Amino acid sequence: SSTENDLEYQPQVSTRATSVRSASSMNTARLSEQPKRSASEIVFSERQSVRGLGPSNENAVPKLPPRSNSPEISSQQQREKSESSTPLLTTASAAADPFDPFISTIRDAQWTILERLSRITQYSRDTASQVLEHPIARPVLPLLPPSLQQLLKKDNMLDDYETASQYLAQYGQATAEDEHFLDDHELQNLLADIPELQGPSPIHTRRRGPIAAEEWVSLFDQEGKLSIPIPQVKQMIFQGGLDNEVRAEAWKFLLGIYPWHSTFEERDAIRQSQTEAYYRIKAVWFNDISVQESNEFQDEKHRIDKDVHRTDRNHEAFANEDMPNPDPQMVVGTNSNMETMKDILVTYNFYNTELGYVQGMSDLLAPLFVIMNDEAMSFWAFTRFMDRVQSNFYMDQSGMHAQLKTLNLLVQFMDPVLHKRFEEIDISNLFFCFRWLLVWFKREFDWEDIIKLWENLWTDHLTKKMILFIALAVIDTHREKILNELNQFDEVLRYINDLTGNIDLNHTLERAEVLYYQFERKIRAMQRKTNLLKDRLEERTVWNSPERYKIQEDMEKLKIPDHLLELITL
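The opening residue of the sequence shown carries number 1 in full-length UniProt numbering; numbering runs sequentially from there.
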């Protein structure tokens with residue numbers, strides 16, 4: 001049936017799946033003889049056309065050559081070939097690198113050093129910079145096998161958290177801009193006449209099982225259009241997630257590749273159009289030897305290569321090294337999946353020239369790549385995900401600063417006692433949450449849980465900023481421990497670090513939902529009380545009365561920062 005065909009769509013095969021170009025062939029790739037536009041013209045054109053339903057002009061740029069010595073094939077031939085080809089994603093049969101736990105320990109130690117420096121008020125920026133640049137792994141290098149020494153060198157290891165060190169340099173000395181909120185007793189008295197606060201405490205909605213293939217198909221009519229309201233579908237995903245059978249298709253809706261009310265035919269056109277668009281953008285660098293030989297390209301490519309080789313190496317798709325590395329600077333082997341990941345990230349570097357590639361992006365791409373099992377669709381899923389989170393990667397760190405500031409306000413608003421404790425131990429800047437927000441808890445949960453968490457967050461069911469309530473839920477879960485047992489800055493950091501891999505996802509999702517309901521109820525009550533006070537000010541009897549000043553004073557106390565109001569889905 002058409003529905004089954006849509007769900008079981010076989011991704012366009014990447015020639016990477018059967019062959020990887022060696023370093024020598026990469027430098028001798030044949031340039032197309034067709035007329036070319038400039039790289040900027042190509043990328044700009046594709047960025048304008050990828051959201052449309054129809055295919056782009058196939059003759060606009062040269063065809064992308066295959067990853068082998070075979071003759072070039074057209075996009076149409078690739079599509080025909082895909083029906084009988086193996087899937088893009090290949091799995092590994094070998095075990096992960098036995099030294100991975102050791103490397104992970106070194107990285108955790110490095111992250112702890114960065115977190116210790118979040119108490120930057122005791123340091124000058126120059127001093128902080130010197131410490132951050134210190135090669136902490138160097139003393140152990142002579143003790144390791146040569147293949148591991150390269151991974152632990154300063155230029156490879158310390159830049160793993162380059163974004164975090166940049167954040168410290170930019171905002172480490174900034175004084176927290178706390179708002180004045182009423183304490184619970186004061187607020188309770190002021191809102192005593194608001195009925196919304198008198199009811200029972202909010203509870204989370206009942207969790208359900210994941211949406212399986214049969215149920216997913218039943219949500220669409222014969223033409224492939226969604227037959228139930230969009231919010232209802234999102235609520236179903238929010239409450240139970242998705243079965244792995246339908247994730248590749250459902251994620252395209254959640255990330256905005258497919259419009260929710262598109263038909264089977266329209267989605268086929270979108271896949272074709274965006275696949276062709278991806279390969280045109282990729283051809284900008286893949287087909288041009290002069291681009292590949294530039295110092296700028298080689299530097300960026302090497303940075304991407306290093307990051308990909310440090311990403312999810314315990315997952316079967318990335319664990320094995322069954323082919324030589326095309327990058328002569330890399331002393332480790334590789335596999336077809338890692339090489340395709342590199343291609344996607346290099347292409348994104350050309351697609352989003354204002355942002356380019358920033359460390360941490362490989363963490364966000366890996367789950368998308370595994371689930372989509374298709375190079376082009378992985379790229380467009382990644383671009384849509386980056387549309388949501390690209391402010392995390394701004395060079396000036398303004399995006400991360402804004403998020404941590406909002407989270408700080410949220411903690412202060414929801415739990416002033418805990419916030420005061422953070423101030424006492426000099427941790428109110430919440431830098432220990434930096435990694436959580438930067439890569440959406442990617443390194444805090446295991447693979448299966450992070451997939452469930454992301455699809456929950458992509459629904460925007462309660463708020464587009466649900467990730468802040470996830471962070472608040474993790475903090476709240478360990479509230480008593482922080483208040484009663486952890487007395488020093490370092491103790492809190494060590495405790496939070498040790499949570500990695502030990503956070504219960506279901507409990508966190510349920511707690512985050514309840515915290516959001518509590519937050520929304522409190523905000524709505526304050527807004528209602530403010531409106532009542534405004535109405536009271538309009539009454540003639542208080543115009544010249546001392547009561548007027550008391551009303552104005554109470555209204556001032558009830559002011560809500562814009563950062564918090566933005567968390568409410570209107």
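Yeah, the Cβ is synthetic: ideal placement off N, Cα and C, and Gly gets one too.
Keep in mind it's a predicted model, so treat the numbers as computed, not measured.
TODO: Establish whether the CB of H204 and some CB of chain B are separated by less than 8 angstroms.
DONE: Among the chains of the structure shown, chain B does not appear; only one protein chain is present.
TODO: From the DSSP output, in three-state form, read off L219 for me.
DONE: coil
TODO: Taking all protein chains shown into account, decide if E513 is buried (16 or more other Cβ within 10 angstroms of its Cβ) or exposed.
DONE: Buried, since its Cβ has 16 or more Cβ neighbours within 10 Å.
Open item on the list: Let's see if you can read the secondary structure: which residues bound the alpha helix (DSSP H) around I257?
Closed with: Segment: none, I257 is in no alpha helix (DSSP H) and carries neither H nor E.
Open item on the list: Short of 7 angstroms in beta carbon distance, which residues of its chain neighbour Q76, apart from the five on each side in sequence? Order them along the chain.
Closed with: Residue placement at Q76 is poorly supported in this model, since its pLDDT is 44, which falls under 50; the coordinates still yield a value, given next. Around Q76: no qualifying Cβ.
TODO: Under 8 angstroms by Cβ, that's how I've got Q239 and T205 pegged, so tell me the actual separation to the nearest angstrom.
DONE: 6 angstroms
TODO: Indicate whether P561 and L407 have their beta-carbon atoms separated by less than 8 angstroms.
DONE: no
- [ ] Take R267 as the anchor and find which of H302, G241, E223 and M236 has the nearest alpha-carbon.
- [x] Ranking the options by Cα distance to R267, first place goes to E223.
- [ ] Pick helix, strand or coil for L226, following the three-state DSSP scheme.
- [x] strand
TODO: Specify the secondary structure class of T334 as computed by DSSP and reduced to three states.
DONE: Here T334 sits in strand by DSSP.
TODO: Could you say which of L558, V492, K550 and R540 lies nearest to R528 if we only look at CA atoms?
DONE: Closest option to R528, Cα to Cα, is L558.
TODO: Using DSSP bridges, identify the partner residues of I211.
DONE: Answer is L242.
- [ ] For the region 495 to 543, list the alpha helix (DSSP H) runs that are entirely contained and at least 4 residues long, ordered along the chain.
- [x] 505 to 537
TODO: Within 10 angstroms of the Cβ of R479, are there 16 or more other Cβ atoms? Answer buried if so, exposed if not.
DONE: exposed
Task: Three-state secondary structure (DSSP) of D562 - done: helix
Task: Under 8 angstroms between C-beta atoms of I344 and E375 - done: Taking 8 angstroms as the cut-off, the beta carbon of I344 is found closer than this to the beta carbon of E375.
- [ ] Check M386 in the structure and name its three-state DSSP category.
- [x] helix
Task: Residue from K534, L565 and H563 with nearest C-alpha to K550 - done: The candidate whose alpha carbon is nearest that of K550 is K534.
Task: Limits of the unbroken alpha helix (DSSP H) element including K405 - done: DSSP places K405 inside the alpha helix (DSSP H), whose first and last residues are S398 to M414.
Task: L191 beta carbon less than 8 angstroms from that of D554 - done: no
Open item on the list: Quick check on DSSP: helix, strand or coil for M395?
Closed with: coil
Open item on the list: Between the alpha carbons of V370 and Q518, how many angstroms are there, rounded?
Closed with: If I take the Cα positions, the gap works out to 36 angstroms.
Task: Buried versus exposed call for A212 [16 or more other C-beta atoms within 10 Å across all chains shown] - done: exposed
Task: Member of D221, Y348, G256 and T311 whose CA lies at the smallest distance from the CA of D446 - done: T311
TODO: Starting from the C-beta of G333, find all residues in its chain whose C-beta is less than 8 angstroms away, skip the five residues before and the five after it, and write them out in chain order.
DONE: E321, D322, M323, P324 and N325
Open item on the list: If you measure between the beta carbons of P202 and R521, is that distance less than 8 angstroms?
Closed with: yes
TODO: Report back the beta-carbon spacing between K452 and L505 to the nearest angstrom; my notes put them in contact at under 8 angstroms.
DONE: 6 angstroms
Task: Burial state of T353 (16 or more Cβ within 10 Å) - done: exposed
TODO: Using only alpha-carbon positions, find the residue among A366, P229 and M386 that is nearest to A317.
DONE: Of the candidates A366, P229 and M386, the one whose C-alpha sits nearest the C-alpha of A317 is A366.
TODO: Taking all protein chains shown into account, decide if K420 is buried (16 or more other Cβ within 10 angstroms of its Cβ) or exposed.
DONE: exposed
Task: Whole-angstrom distance between K234 and D460, CA atom to CA atom - done: Looking at the backbone, the Cα of D460 and that of K234 are separated by about 8 angstroms.
TODO: Quick one: measure Cβ to Cβ for W260 and L226, integer angstroms, because I've assumed they're closer than 8 angstroms.
DONE: 5 angstroms
Task: Burial state of Q397, where buried means 16 or more other Cβ atoms lie within 10 Å - done: buried
Open item on the list: Rounding to the nearest angstrom, what Cα-Cα distance links residue 631 and R384 in this structure?
Closed with: Since the first residue shown for the chain is 1 and the last is 570, residue 631 is missing from the structure and cannot be characterised.
- [ ] Since I believe I467 is in contact with L418 (beta carbons under 8 angstroms), could you give me their beta-carbon distance rounded to a whole number of angstroms?
- [x] Going by Cβ atoms, the distance from L418 to I467 rounds to 19 angstroms, so no, they are not a contact pair.
- [ ] Quick one: using the 10 Å Cβ neighbour count with 16 as the cut-off for buried, is P546 buried or exposed?
- [x] exposed
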